[in-house]
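If you count the sequence shown from 1, you need to add 409 to reach the numbering used here.
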Amino acid sequence: MEIIQGERKEAERKAADAIAAEINNLLTLQDTVTLGLVGGTSVAGVYDWLKETVVEWKNVQVFLVDERMVDIDDDESNFKLIRTSFTHDLVTTGKMPQKNIHPFIYSSELKDLGLVKYLRKIEDIGKKYDVIVVSAGEDGHIGALFPRHHSLASDAECLLVMDDSPKPPALRLTISREMVLRSKVGFVLFFGSGKKDAYAAFSNLDTKIADCPASLLHHLPKAYAVTDLS
410 MEIIQGERKE
420 AERKAADAIA
430 AEINNLLTLQ
440 DTVTLGLVGG
450 TSVAGVYDWL
460 KETVVEWKNV
470 QVFLVDERMV
480 DIDDDESNFK
490 LIRTSFTHDL
500 VTTGKMPQKN
510 IHPFIYSSEL
520 KDLGLVKYLR
530 KIEDIGKKYD
540 VIVVSAGEDG
550 HIGALFPRHH
560 SLASDAECLL
570 VMDDSPKPPA
580 LRLTISREMV
590 LRSKVGFVLF
600 FGSGKKDAYA
610 AFSNLDTKIA
620 DCPASLLHHL
630 PKAYAVTDLS
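Written out as structure tokens, the structure reads:
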């Protein structure tokens, strides 16, 4: 586990540089890189820096780690934040084709809510993301994998939907614990004083994953923790 630590803006910039470096390294070994992203205010600053880095974005496919069951233009949509903070500028400047961006399209009219269609996309890329960027909650959750909750205990291979998320809104989609563990590189963010306890739990290698889902990243081949906490 590598630690990126410092004042928030500096930590965000360093995190973006590290994400770009890991993508570029993987692109020397493979033709494309799959990038799993989350929404939320904690990651917006990282995305602002990331879109300015030098990466062959045409060879990067962007997916979601988790999503709220809302329209993609809803203010609660994780994809909306990813689009406005990151992918919109890459597309409009011609650095990334629109086809490389894969939002989850929620449909209340479908029995599966749109899960099957997105699951097929995940299956097409080998049921894994090469690089994931997540932000830890105050309880240590990542994506929609919550402590001592069935979301974390699920043996789902790729994706799962829940209607009882401990953090509103209740209806959410998330990649599973097993899919997190198939990632090659992970970045987890701990920004703000409210994340102090979560970061302490994460930093303690004796902490159980059931108590701090962010600790899953300790089990990846390579991972970074990014924080403005001392």
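Beta carbons: idealized from backbone N, C-alpha and C, even for Gly. Treat the numbers as computed from the prediction; the structure is a model and nothing was measured.
Alpha helix (DSSP H) segment containing residue i, residue limits
i: A425; result: R417 to L436
i: A610; result: K605 to S612
Exposure of residue i, with buried meaning 16 or more beta-carbon neighbours within 10 Å
i: N487; result: buried
i: A430; result: exposed
i: R422; result: buried
i: G535; result: exposed
i: E476; result: buried
i: L490; result: buried
i: V463; result: exposed
Which listed residue (the options) has its alpha carbon closest to that of residue i
i: A632; options: D615, F611, V463 and S639; result: F611
i: V474; options: T496, V542, G549 and K467; result: V542
i: A457; options: T437, L614 and A420; result: Correcting the residue identity first, residue 457 is Asp in this sequence and not Ala. Nearest option by C-alpha distance: A420.
i: E518; options: F596, M478 and D548; result: M478
i: S574; options: V455, H550 and D620; result: H550
i: K593; options: L459, E547 and I428; result: I428
i: T441; options: I432, G449, V447 and G448; result: I432
i: L590; options: H559, L554, L598 and D620; result: L554
i: L561; options: D548, S585 and V570; result: S585
Cα-Cα separation, residue i to residue j
i: D480; j: G523; result: 12 Å
i: L626; j: S516; result: 31 Å
i: V540; j: L435; result: 9 Å
i: D482; j: F513; result: 12 Å
i: A623; j: F596; result: 10 Å
i: E485; j: P578; result: 9 Å
i: Y608; j: L614; result: 11 Å
i: P556; j: L638; result: 22 Å
i: M588; j: C567; result: 5 Å
i: P630; j: M410; result: 9 Å
i: K460; j: K504; result: 9 Å
Opening and closing residue of the beta strand (DSSP E) in which residue i lies
i: F472; result: V469 to L473
i: R581; result: R581 to I584
i: Q414; result: E411 to Q414
i: K631; result: K631 to T636
i: L626; result: From DSSP, L626 is part of no beta strand (DSSP E); its letter is neither H nor E.
Continuous beta strand (DSSP E) assignments of at least 3 residues falling wholly in the region 538-570: Qualifying beta strand (DSSP E) stretches, in chain order: 540-544.
Ordered list of alpha helix (DSSP H) runs contained in the region 454-534, each at least 4 residues: If you keep only unbroken alpha helix (DSSP H) runs of at least 4 residues inside the region 454-534, you get 487-491, 497-501 and 524-533.
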